[in-house]
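Top line first, the protein sequences correspond to chains A and B.
Count the first sequence with my numbering and you get residues 8 to 254, in order.
Count the second sequence with my numbering and you get residues 342 to 629, in order.
Just so you know, even glycine gets a beta-carbon here, dropped at the ideal spot from N, CA and C.
Small disclaimer: the values here were computed from a predicted structure and weren't measured.
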Amino acid sequence: MGENGAGKTTLAKQLNGLLKPSLGRVTVDGDDTAKKSVAQLSRKVGIVFQNPDHLLFSETVREEVGFALKNFGFEPGVVLKQVERTLEALDLAHYADTSPFLLSGGERKRVALAAVLAWQPDYLILDEPTIGQDYQQKERLRNFILQLNSQGKAVVMVTHDVEFVAECNPKVVLMSKGQIVAQGQADEVLSDDGLIEKASLVKPQMAKLFSQLSEYGFPRDVVDVHRAKMLLEEKLTEVRVRVAQSS
Amino acid sequence: MAGTQGEIVAAHSLGFQYAGSTSKALDDVNIVIRQGEFLLLTGPSGCGKTTLCRCLNGLIPNFHPGDMSGELLVDGVSVAAETTSELSRRVGYVFQNPENQLFALTVEKDVAFGPENLGLTREEIRGRVDWAMDAAGTVALKDLAPYELSGGQQQRVALAGVLAMKPSVIVLDEPTSFLDPRTAEEVMAAVDSLRRENGITVIVVEHRLDLVGRYAERIVVMDRGRIVADGKLEDVLDSEFDRLSGLGIGLPKVSLLWSLLRRDGLVSERLPTHVESAVKILSERLRN
Numbered sequence: 008m009g010e011n012g013a014g015k016t017t018l019a020k021q022l023n024g025l026l027k028p029s030l031g032r033v034t035v036d037g038d039d040t041a042k043k044s045v046a047q048l049s050r051k052v053g054i055v056f057q058n059p060d061h062l063l064f065s066e067t068v069r070e071e072v073g074f075a076l077k078n079f080g081f082e083p084g085v086v087l088k089q090v091e092r093t094l095e096a097l098d099l100a101h102y103a104d105t106s107p108f109l110l111s112g113g114e115r116k117r118v119a120l121a122a123v124l125a126w127q128p129d130y131l132i133l134d135e136p137t138i139g140q141d142y143q144q145k146e147r148l149r150n151f152i153l154q155l156n157s158q159g160k161a162v163v164m165v166t167h168d169v170e171f172v173a174e175c176n177p178k179v180v181l182m183s184k185g186q187i188v189a190q191g192q193a194d195e196v197l198s199d200d201g202l203i204e205k206a207s208l209v210k211p212q213m214a215k216l217f218s219q220l221s222e223y224g225f226p227r228d229v230v231d232v233h234r235a236k237m238l239l240e241e242k243l244t245e246v247r248v249r250v251a252q253s254s
Numbered sequence: 342m343a344g345t346q347g348e349i350v351a352a353h354s355l356g357f358q359y360a361g362s363t364s365k366a367l368d369d370v371n372i373v374i375r376q377g378e379f380l381l382l383t384g385p386s387g388c389g390k391t392t393l394c395r396c397l398n399g400l401i402p403n404f405h406p407g408d409m410s411g412e413l414l415v416d417g418v419s420v421a422a423e424t425t426s427e428l429s430r431r432v433g434y435v436f437q438n439p440e441n442q443l444f445a446l447t448v449e450k451d452v453a454f455g456p457e458n459l460g461l462t463r464e465e466i467r468g469r470v471d472w473a474m475d476a477a478g479t480v481a482l483k484d485l486a487p488y489e490l491s492g493g494q495q496q497r498v499a500l501a502g503v504l505a506m507k508p509s510v511i512v513l514d515e516p517t518s519f520l521d522p523r524t525a526e527e528v529m530a531a532v533d534s535l536r537r538e539n540g541i542t543v544i545v546v547e548h549r550l551d552l553v554g555r556y557a558e559r560i561v562v563m564d565r566g567r568i569v570a571d572g573k574l575e576d577v578l579d580s581e582f583d584r585l586s587g588l589g590i591g592l593p594k595v596s597l598l599w600s601l602l603r604r605d606g607l608v609s610e611r612l613p614t615h616v617e618s619a620v621k622i623l624s625e626r627l628r629n
């Protein structure tokens with residue numbers, strides 16, 4: 008996370024060799040990216056770009072999602088199965104024969120994601136995946152990411168969506184002006200005024216709420232609704248019991 | 342030159358079906374928007390909100406073919422009788438992705454493009470460009486190329502280009518998607534002050550209510566081509582909360598928290614639309 012122009016996308020592009028370091032070294036599974044081709048690295052590291060139109064070009068959604076698999080030399084049967092599975096997972100099966108360009112922005116974004124997920128890279132880089140997605144689609148995306156993560160895939164997400172991050176509670180790396188300025192768990196980072204200021208973010212609403220309620224004994228590092236509700240429930244019930252006893 | 346008593350937009354039984362599509366993108370839409378309103382237009386993907394906005398500046402039906410029915414008046418004039426170029430003076434459109442609307446070699450030239458094509462005097466063009474760049478906070482960028490800019494800067498330049506046309510209505514279609522949260526707040530604040538100082542009508546299409554909720558007095562919710570809720574933000578949020586969350590609208594987290602506490606009988610007050618009002622109620626309660 009970090010302000011526009013902080014270097015997030017530039018860093019992401021280093022991870023599959025689209026950009027090579029002019030100083031220093033980037034390794035993927037121990038291999039120096041400077042010595043590998045983008046094609047070799049892409050097999051392991053899949054990047055889904057911010058703007059889906061930079062990636063889409065096929066005539067149907069099915070072709071689009073199968074394109075890389077074919078290029079990687081998978082058997083037609085495997086390609087077919089993998090494409091169907093991915094389309095299903097991203098709620099795109101009913102668009103299989105539609106042109107990606109007839110879909111809405113949010114839908115095209117999901118096709119771009121499917122096109123990368125289809126070849127099951129070990130590392131998945133998502134540049135602003137929540138843009139143009141409504142709340143339900145974001146929930147689906149969140150579950151999907153958590154599921155991939157639990158299957159042992161590393162997911163790197165570039166995003167400005169503080170509320171989305173608050174609900175996922177991942178490790179957060181903050182960038183500003185080309186440098187990493189902080190890293191830590193989302194609830195610590197997103198409730199820290201100094202860091203928020205430094206990275207041009209705003210606090211999630213729950214962190215704003217709890218920073219103003221700390222005088223009543225609440226912790227400040229609350230960023231998600233679930234934890235907020237549990238804490239308030241406990242305290243409000245206590246107050247209610249006290250009021251009932253005194254009257 | 343506004344229409345009936347400051348009505349800047351009036352739709353009566355407006356319908357639209359894209360050519361080749363089997364369902365209506367707009368179905369019996371009725372709405373009146375007054376000069377100077379700040380309106381939040383929301384709804385799930387594919388609900389028709391972008392289609393409605395495209396009708397306002399004539400992109401529909403001039404560039405997106407299909408069947409239009411009913412009536413849509415902008416500034417008292419039917420859009421069906423107007424050219425897109427005429428409408429674009431009245432309705433400025435800031436798209437989700439600013440890259441799609443910037444093309445000149447420098448920021449200043451990009452902002453000047455619209456007014457230069459209106460046949461204005463040199464002084465008038467100069468005046469408009471300076472005013473628009475100042476209002477959108479892009480003066481420092483004027484000699485840079487749009488492609489050199491960050492997403493947030495590009496969005497401000499797109500806004501400046503639209504402002505230079507001195508429109509009565511600005512439509513911003515998910516204008517802050519590509520912006521960092523701080524810049525997003527700055528852009529929304531800049532738009533709001535334009536409304537207050539110049540009486541420009543602002544229509545923002547947005548999924549995230551927490552961002553726009555502070556400025557928008559009115560919320561219009563669409564679903565499957567129809568308007569399903571229209572009113573003051575706090576009223577609609579309070580009475581339609583479950584329905585709105587069912588539609589996949591990103592409701593403010595503080596309202597969501599409140600609805601959960603209220604369901605358990607721990608609070609009874611109306612849903613707060615921002616953090617400050619929740620802090621106020623909870624502080625009073627907890628002080629006991």
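Check: Can you pull the chain A neighbours of Q437 of chain B, defined as C-beta to C-beta under 9 Å?; Outcome: G112, I138 and G139
Check: Could you give the distance in angstroms between the alpha-carbon of K365 of chain B and the alpha-carbon of C394 of chain B?; Outcome: 15 Å
Check: Tell me, please, whether the CB atom of H101 of chain A is closer than 7 Å to any CB atom in chain B?; Outcome: no
Check: Measuring alpha carbon to alpha carbon, tell me which residue in A:F108, A:Q212 and A:N11 is nearest S65 of chain A.; Outcome: A:F108
Check: If we cut at 7 Å on Cβ distances, does K236 of chain A have a partner in chain B?; Outcome: yes
Check: How would you call V248 of chain A, buried or exposed, if buried means at least 16 neighbouring beta carbons within 10 angstroms?; Outcome: exposed
Check: Which partner residues does A189 of chain A have in the DSSP bridge list?; Outcome: A:L181
Check: By the 10 Å Cβ neighbour count, where 16 or more other Cβ atoms means buried, how is K184 of chain A classified, buried or exposed?; Outcome: exposed
Check: Specify whether the stretch 438 to 455 of chain B and the stretch 404 to 419 of chain B touch according to this definition: at least 3 beta carbon pairs, one from each stretch, less than 8 Å apart.; Outcome: no
Check: I want to verify the contact list: residues of chain B whose CB lies under 8 Å from the CB of L220 of chain A, in sequence order.; Outcome: V620, L623, S624 and L627
Check: Please list the terminal residues of the continuous alpha helix (DSSP H) segment that includes E174 of chain A.; Outcome: V169 to C175
Check: In chain B, what lies closer than 9 Å to V45 of chain A by C-beta?; Outcome: None at all; the shortest Cβ gap to chain B is about 23 Å.
Check: Leaving out the 5 sequence neighbours to the left and right, which residues in its chain are closer than 8 Å to A343 of chain B when beta-carbon positions are compared?; Outcome: Note that A343 of chain B scores 47 on pLDDT, short of 50, meaning its location in the model is unreliable; the coordinates nonetheless yield the value given after this. So the qualifying residues of the chain are I349, Q376, D416, G417 and S509.
Check: Quick check on N78 of chain A: does DSSP put it in helix, strand or coil?; Outcome: helix
Check: Quick check on I132 of chain A: buried or exposed, where buried means 16 or more other Cβ atoms within 10 Å of its Cβ?; Outcome: buried
Check: According to DSSP, is A41 of chain A part of a helix, a strand, or is it coil?; Outcome: helix
Check: Taking beta-carbon pairs under 7 Å, can you tell me which members of the stretch 580 to 597 of chain B lie near chain A?; Outcome: G589, I590, G591, P593, K594, V595 and L597
Check: How would you label G80 of chain A, buried or exposed, when you count the other beta carbons within 10 angstroms and need 16 or more for buried?; Outcome: exposed
Check: I need the DSSP call for D369 of chain B, collapsed to helix, strand or coil.; Outcome: strand
Check: Are P226 of chain A and E170 of chain A touching if we call contact CB-CB under 7 Å?; Outcome: no
Check: Closest Cβ-Cβ distance between M182 of chain A and chain B: below 7 Å?; Outcome: no
Check: For N176 of chain A, which residues in chain B fall below 9 Å Cβ to Cβ?; Outcome: Near N176 of chain A there are no residues of chain B at all, since even the closest Cβ is about 14 Å away, more than 9 Å.
Check: Just how far apart, CA to CA, sit L513 of chain B and E378 of chain B?; Outcome: 14 Å
Check: Bridge partners for Q358 of chain B per DSSP, in chain order?; Outcome: B:D408
Check: Can you give the Cα-Cα distance for R92 of chain A and G37 of chain A, rounded to whole angstroms?; Outcome: 31 Å
Check: I need the boundaries of the beta strand (DSSP E) containing G433 of chain B, first residue and last residue.; Outcome: V432 to V435
Check: Could you tell me the alpha carbon to alpha carbon distance between E135 of chain A and Q252 of chain A, rounded to whole angstroms?; Outcome: 52 Å
Check: For the stretch 523 to 556 of chain B, which residues have a beta carbon sitting closer than 8 Å to at least one beta carbon of chain A?; Outcome: R523, T524, A525, E526, H548, R549 and D551
Check: Step through the CB atoms of chain B and report whether any lies within less than 7 Å of the CB of L133 of chain A.; Outcome: no
Check: Decide if the stretch 136 to 153 of chain A is in contact with the stretch 165 to 182 of chain A; the criterion is three or more beta carbon pairs, one per stretch, under 8 Å apart.; Outcome: yes
Check: Please report the straight-line C-alpha distance between K236 of chain A and L148 of chain A, rounded to a whole angstrom.; Outcome: 23 Å
Check: With A235 of chain A as the anchor, note down where its alpha helix (DSSP H) starts and where it stops.; Outcome: V232 to S253
Check: Taking 7 Å as the threshold (beta carbon to beta carbon), is G566 of chain B in contact with chain A?; Outcome: no
Check: So is L243 of chain A in contact with chain B if we call contact Cβ pairs under 7 Å?; Outcome: yes
Check: Please classify F379 of chain B: does DSSP put it in a helix, a strand, or coil?; Outcome: strand
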